[in-house]
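This note's numbering runs 32 ahead of the 1-based position in the sequence shown.
Where is the CB? At the ideal position from N, CA and C, for every residue including glycine.
Okay, so here's the structure we're looking at.
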Amino acid sequence: MEALKKILNIEIFSYNSYMIRVSDLVTVFLILFAARIFLFLIKKALFRKHKLNHIDAGNIYALYQIIKYVTWVMAIAMVLEAIGISVTFLLAGSAALLVGIGLGLQQTFNDVISGIILLSERSVRIDDVLEIDKEVVKIQSIGLRTSKARNRDDISIIV
């Protein structure tokens, strides 16, 4: 037990008063692993329920995508906190920078909002056949910013 404590307290990186130890890396790994396992279990539960209750696959997929994005944002925030970077201090310190980035990325944010509307409104679903720019495509996946479709020539198109 004492040897494990010594290994976990080994310094990997230090700068002034900031340091990263082996225990910090183990914590980061455990957070990311827990997020992966959580998403795996949620996916299995959602798609098992879909088969039993005959719920639309597009609705389940949309719900899973939203859960996945929220889970990864929370996991990244927890990882930053685990390695000693205060997320609240980071956000407060970069408020002006974030306003500039927000103005520069208006179109991207517009795409993300459109993706959220598509996922929640379900006007377009997985396996729908659409005509886009005189090309017939079948929707493969729907994301927050882009969707993937496959045309008749079996070529993937990002929409």
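DSSP state of residue i mapped onto helix, strand, coil
i    : result
N183 : strand
S55  : helix
I174 : strand
L137 : coil
N48  : coil
Distance between residue j and residue i (C-alpha atoms, nearest Å)
i    : j    : result
L62  : A35  : 20 angstroms
I158 : I44  : 46 angstroms
F162 : I171 : In the sequence under discussion, the amino acid at residue 162 is Leu, which differs from the Phe named in the question. About 8 angstroms.
I190 : V144 : 14 angstroms
K75  : R53  : 33 angstroms
K180 : M51  : 42 angstroms
R68  : S146 : 27 angstroms
I92  : L71  : 13 angstroms
Y2   : I133 : The first residue shown for the chain is 33 and the last is 191, placing residue 2 beyond what the model contains.
R177 : S55  : 36 angstroms
D165 : V60  : 45 angstroms
I39  : D160 : 54 angstroms
According to DSSP, residues forming a beta bridge with residue i
i    : result
L162 : V169
I189 : A181
E43  : R53
Where residue i falls, given that 16 or more other Cβ within 10 Å makes a residue buried
i    : result
A128 : exposed
V131 : exposed
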